[in-house]
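Trainee:
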Amino acid sequence: MQILPGTITGRPVRVGSVGLGRLGVLHAENIAMRIPGAILSALCDLDRTRLEHTAAALGAERTFTDFAEMAAWDGIDAVCIVSPSALHTKHIRIAMEHGKHVFCEKPLGVTLEQCKDAEQVVGAHPELIFMLGFMRRYDPSYIYAKQKLDAGEIGRVVLLRSYSQDPDHQIKGALAFAPHSGGQFLDMAVHDIDLARWFIGREPEKVWAIGGCYAHPEFAQHGDGDNVSCLMKFEDDAMCFLLAGRTSPHGYNVETEIMGTKGTLRIASVPQKNLVEILDEHGVRKECSQTFHERFGEAFLGEMREFISCIRQGRRPEVSVSDGTRVLEIATQCKASFETGELVCCK
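Note that our numbering has the sequence shown beginning at 788, numbered continuously upward.
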């Protein structure tokens, strides 16, 4: 294996992170406290109060309100980008042009043009590591299912079904994000699309998307729905059905089923927070995770651990910039089908 010239050995990787929303804080905490071989050296956010409070709590050496200034600082080797989606490709370019390795949260961009620009930037810096945050690939259950699938244990894939549902009690946050999220397919369903490509190992040929505003008509003004779905036909005739919803009454719910000619794999088919059963005056029940932090905490940790390992070992991560472009392209085609009600043939 060729070792990349930007490899860092003999000392920790110094990371600067931008964006201190819910996920941004989680990534910062992981880097600061849970990733061997990494140091959280800097934080960047426009909210000065939040920035200083978080930096003090996590021991970050420097704080910035300007991302370009942080990227130019020679006290960091890598950046973690958890800024608003529309800024991702701009921040990728700035960071890599300053010689920094880059971990970027999904989506890669909100337009195909942005994604192509990111591909050009990453391609121009082969000495640097770039990794995109499709964290479900690093969830232990999904890793196990992929191993089973690759070993041929369920035969040829017939249908992949993937549900992603946010709890209705978090709808205010979703509505606030709606004007610049790009819509459910670009914001939420990209995870399901990435899983479908990863598990099936092919590209979709046709997509047909439907959905609507079943509980929150406010999404309609942004050309979006509170629940949307899509049926896909892949190159080898495998079928895929995905659902992205905002109105789950029971909590955060992500489940996946892969049906094959010899068997079926189900991941979290009954959503549950843990293996505890509660017996009380309400009967016998299991609690559900209420946030993505709870459900995918180990996956977020795993993907950041992989990013730092790639920098220290001089190797490429599995998730590439081209994965981000392709998923965004498919999500855009799903969005177009949703808006027109027509079947869309993929490029």
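In this text, a Cβ means the ideal position worked out from N, Cα and C, and glycines have one as well.
Return the chain-ordered list of same chain residues with a C-beta closer than 8 Å to the C-beta of Ile863, the five sequence neighbours on each side being excluded.
Mentor: Arg801, Val802, Gly803, Ser828, Ala829, Met857 and Lys887
Trainee: Among the candidates Phe986, Ala996, Glu892 and Asp953, whose CA atom is the shortest distance from the CA of Cys1133?
Mentor: Ala996
Trainee: Checking 8 Å against the spacing of the C-beta atoms, do Leu936 and Ile1045 come in under that value?
Mentor: For Leu936 and Ile1045, yes; Cβs fall inside 8 Å.
Trainee: With DSSP as the reference, please indicate the residues paired to Ile826 in a beta bridge.
Mentor: Arg801
Trainee: Applying the criterion that 16 or more other CB atoms from any shown protein chain within 10 Å of the CB defines a buried residue, is Arg1057 buried or exposed?
Mentor: Sequence check: residue 1057 is Val here, not Arg. It is exposed - the Cβ of Val1057 has fewer than 16 other Cβ atoms within 10 Å.
Trainee: Just to confirm, is the Cβ distance from Cys1097 to Val994 under 8 Å?
Mentor: no
Trainee: Please state whether DSSP places Ile868 in a helix, a strand or coil.
Mentor: strand
Trainee: Taking C-alpha atoms, which residue in Leu833, Arg798 and Ala843 lies nearest to Ala825?
Mentor: Arg798
Trainee: By how many angstroms is the C-alpha of Tyr925 removed from the C-alpha of Ser968?
Mentor: 24 Å
Trainee: Which residue comes first and which comes last in the alpha helix (DSSP H) that contains Trp995?
Mentor: No alpha helix (DSSP H) holds Trp995; the beta strand (DSSP E) holding it covers Pro991 to Gly999.
Trainee: For a minimum of 4 consecutive residues, which ranges assigned as the alpha helix (DSSP H) are wholly contained in the region 1002-1072?
Mentor: none
Trainee: Please report the residue range of the alpha helix (DSSP H) in which His888 lies.
Mentor: No alpha helix (DSSP H) contains His888, which is instead part of the beta strand (DSSP E) from His888 to Glu892.
Trainee: Report the rounded CA-to-CA distance for Gln971 versus Ala965, giving the unit in angstroms.
Mentor: 9 Å
Trainee: Measure the C-alpha to C-alpha separation of Phe917 and His1069 and round it to an integer number of angstroms.
Mentor: Taking the straight line joining both Cα atoms gives about 49 Å.
Trainee: Hey, would you say Glu1022 sits closer than 8 Å to Glu1074, going by beta carbons?
Mentor: no
Trainee: Are the Cβ atoms of Leu1029 and Glu914 separated by less than 8 Å?
Mentor: Between Leu1029 and Glu914, the CB-CB gap reaches or exceeds 8 Å.
Trainee: Kindly indicate the opening and closing residues of the beta strand (DSSP E) around Pro1217.
Mentor: Given that the chain is displayed from residue 788 to residue 1134, the structure contains no residue 1217 and the question cannot be resolved.
Trainee: Looking at the structure shown, is Ser780 part of a helix, part of a strand, or coil, going by DSSP?
Mentor: For residue 780 there is no data in the structure shown, the boundaries of the chain being 788 and 1134.
Trainee: When DSSP builds the beta bridges, which residues end up paired with Met918?
Mentor: Phe890
Trainee: Quick one: is Tyr931 buried, meaning 16 or more other Cβ sit within 10 Å of its Cβ, or exposed?
Mentor: exposed
Trainee: Pair every Cβ in the region 894-906 with every Cβ in the region 864-877, then say whether three or more of these pairs are closer than 8 Å.
Mentor: Under the Cβ criterion (8 Å, minimum of three pairs), the region 894-906 counts as touching the region 864-877.
Trainee: With Ala1025 and Leu947 assumed to form a contact (beta carbons below 8 Å), what rounded beta-carbon distance in angstroms separates them?
Mentor: Contact flag correct, Cβ pair sits at about 7 Å.
Trainee: When you compare only the Cα positions, how much space is there between Ser949 and Glu992?
Mentor: 18 Å
Trainee: Does the region 1103-1122 come within contact of the region 952-965, defined as at least 3 CB pairs closer than 8 Å?
Mentor: no
Trainee: When you measure from the CB of Leu845 to every non-hydrogen atom of the ligand ADP, does any distance come out below 7 Å?
Mentor: Ligands displayed in this structure: none; no statement on the ligand ADP is therefore possible.
Trainee: Using alpha carbons as the reference points, say which of Gly1050, Ala1031, Gln1100 and Thr794 lies closest to Glu1042.
Mentor: Ala1031
Trainee: Let me know the secondary structure DSSP gives Pro913 once reduced to three states.
Mentor: coil
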